[in-house]
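> Residues 5 to 222, numbered by this note's numbering, are exactly what the sequence shown covers, in order.
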Amino acid sequence: MDADESRSNLDLEGRCGTCARFVRVTERVEAHGAVSRVGDCLLGVWPSPLNERGTCPHYTKRGEFKLSLSTKNQRTATRTPKRTSPVVAQPFSFPEAMTDMDADEFRLALRQVLREELGLGEVTIAPRWAGGQVIVKPGRDGVAEKTIPIDSLFHKIVLIRDKLRVLEQKINSHPLLTDEDKVQMQQYITQCYGSLTTFNLLFDAKDEGFVGQRNREE
Numbered sequence: 005m006d007a008d009e010s011r012s013n014l015d016l017e018g019r020c021g022t023c024a025r026f027v028r029v030t031e032r033v034e035a036h037g038a039v040s041r042v043g044d045c046l047l048g049v050w051p052s053p054l055n056e057r058g059t060c061p062h063y064t065k066r067g068e069f070k071l072s073l074s075t076k077n078q079r080t081a082t083r084t085p086k087r088t089s090p091v092v093a094q095p096f097s098f099p100e101a102m103t104d105m106d107a108d109e110f111r112l113a114l115r116q117v118l119r120e121e122l123g124l125g126e127v128t129i130a131p132r133w134a135g136g137q138v139i140v141k142p143g144r145d146g147v148a149e150k151t152i153p154i155d156s157l158f159h160k161i162v163l164i165r166d167k168l169r170v171l172e173q174k175i176n177s178h179p180l181l182t183d184e185d186k187v188q189m190q191q192y193i194t195q196c197y198g199s200l201t202t203f204n205l206l207f208d209a210k211d212e213g214f215v216g217q218r219n220r221e222e
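This is the structure:
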């Protein structure tokens, strides 16, 4: 280091020109002919180009800068990795009765569970109507009457009841319907139940039939 450079560093003591974070230094000639140095600050305290005579509270003299870890980082850096035992997944075993099922039996069992969860279990016709017929007799002479097996009619009635119950549950659990909408639609379904109470005499168990508005209020 020559005398001029030493004198320059002495004049810049505590300023950016002698800071360890003053980098990418270039020289430029000022308007009055003097030569000065500009560079960049690694901390970004001042915008570039930064004059060497700038100052800031983060000054660190060149040659004395040391990278030091915080106490927390030192503990992290020297910490010995903790050994953990590998987690072994426990094998899942199906009940033996399920492993012996074929596809059709499994579908049948699943359908039965869903029907029970939705309240759509097996419904039986009252014994006195089993095997009977519904006779549809026209009001005009010369027109043949029509007979419908009661068991077939009862099956269709049960399907209607099941569909209404599923619709009722879908409405009650729908995330986009307001409470007011749900109440209004529920009233329509209840009115449908009331219109079908005529067929309750076909059910063996009375609690499996239709319940109208009046019965619900009671």
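Note that CB positions come from ideal geometry on N, CA and C, so glycine has one too.
Specify, as a first and last residue, the run of the alpha helix (DSSP H) that Asp-106 falls within.
Position 102 of the sequence shown, counting from 1, holds the residue named residue 106. Careful: Asp-106 lies outside any alpha helix (DSSP H) and carries neither H nor E.
> Return the CA-CA distance between Ala-24 and Glu-17, expressed in angstroms with no decimal places.
As a working note, residue 24 is residue 20 in the sequence shown. As a working note, residue 17 is residue 13 in the sequence shown. Their Cα atoms are separated by approximately 12 Å.
> Tell me the DSSP secondary structure of Asp-44 in three-state form.
Indexing the sequence shown from 1 puts residue 44 at position 40. Here Asp-44 sits in strand by DSSP.
> Looking only at its own chain, which residues have a Cβ that is under 7 Å from the Cβ of Leu-47, when we skip the five neighbours before and after it?
Stepping through the sequence shown from its first residue, residue 47 is reached at position 43. Counting only Cβ-Cβ distances below 7 Å, and skipping sequence neighbours, we find Arg-25 and His-62.
> Since Val-162 is in the alpha helix (DSSP H), which residue starts that stretch and which ends it?
As a position in the sequence shown, residue 162 is number 158, starting the count at 1. Start and end: 154-176.
> Need the endpoints of the alpha helix (DSSP H) that Phe-17 sits in, please.
Along the sequence shown, one-based indexing puts residue 17 at 13. According to the sequence displayed, residue 17 carries Glu and not Phe. Glu-17 -> no alpha helix (DSSP H), and no H or E assigned at all.
> Relative to the C-alpha of Ala-209, which candidate in Val-42, Ala-130 and Gly-21 has its C-alpha closest?
Walking along the sequence shown from the start, residue 209 turns up at place 205. The shortest C-alpha separation from Ala-209 is found at Ala-130.
> To the nearest angstrom, report how far apart Thr-22 and Gly-58 are at their CA atoms.
Looking up residue 22 in the sequence shown gives position 18. Looking up residue 58 in the sequence shown gives position 54. If I take the Cα positions, the gap works out to 10 Å.
> Work out the CA separation of Ala-38 and Asp-44 for me, nearest whole Å.
For the purposes of this step, residue 44 is taken as the residue at position 40 of the sequence shown. For the purposes of this step, residue 38 is taken as the residue at position 34 of the sequence shown. About 20 Å.
> Go through its chain and collect everything with a Cβ distance to Arg-11's Cβ below 7 Å, but skip five positions before and after it.
Counting from 1 along the sequence shown, the entry for residue 11 is found at position 7. Note on Arg-11: pLDDT 44, under 50, position unreliable in the model; the coordinate value appears next. Here the set comprises nothing.
> I believe Leu-171 touches Ile-193 by the beta-carbon criterion, under 8 Å. Please report the beta-carbon distance rounded to the nearest angstrom.
As a position in the sequence shown, residue 171 is number 167, starting the count at 1. As a position in the sequence shown, residue 193 is number 189, starting the count at 1. Between Ile-193 and Leu-171 the Cβ distance is about 7 Å, and since that is below 8 Å, they are a contact.
> Would you give the residue range spanned by the alpha helix (DSSP H) that Ile-139 belongs to?
The sequence position of residue 139 within the sequence shown is 135, counting from 1. That residue, Ile-139, is in no alpha helix (DSSP H); its beta strand (DSSP E) goes 137-140.
> Going by DSSP, what residue range makes up the beta strand (DSSP E) through Val-33?
Here residue 33 is taken as the residue at index 29 of the sequence shown, counted from 1. Where Val-33 is concerned, the enclosing beta strand (DSSP E) stretches over 26-33.
> On the criterion of 16 or more Cβ atoms from any shown chain inside 10 Å, does Phe-110 qualify as buried, or is it exposed?
Translated into positions along the sequence shown, residue 110 becomes position 106. Per the 10 Å Cβ criterion, exposed.
> Go through its chain and collect everything with a Cβ distance to Phe-158's Cβ below 7 Å, but skip five positions before and after it.
As a working mapping, residue 158 is identified with position 154 in the sequence shown. Result list for Phe-158: Ile-129 and Leu-206, in chain order.
> I'd like to check one pair, Glu-68 with Arg-19: are the Cβ atoms closer than 9 Å?
Here residue 19 is taken as the residue at index 15 of the sequence shown, counted from 1. Here residue 68 is taken as the residue at index 64 of the sequence shown, counted from 1. Taking 9 Å as the Cβ cut-off, Arg-19 and Glu-68 do not qualify as a contacting pair.
> Please name the residue, chosen from Lys-141, Asp-155 and Ser-156, that lies closest to Glu-1 on a Cα-to-Cα basis.
This structure does not reach residue 1, given that the chain is present from 5 up to 222, and the question cannot be answered.
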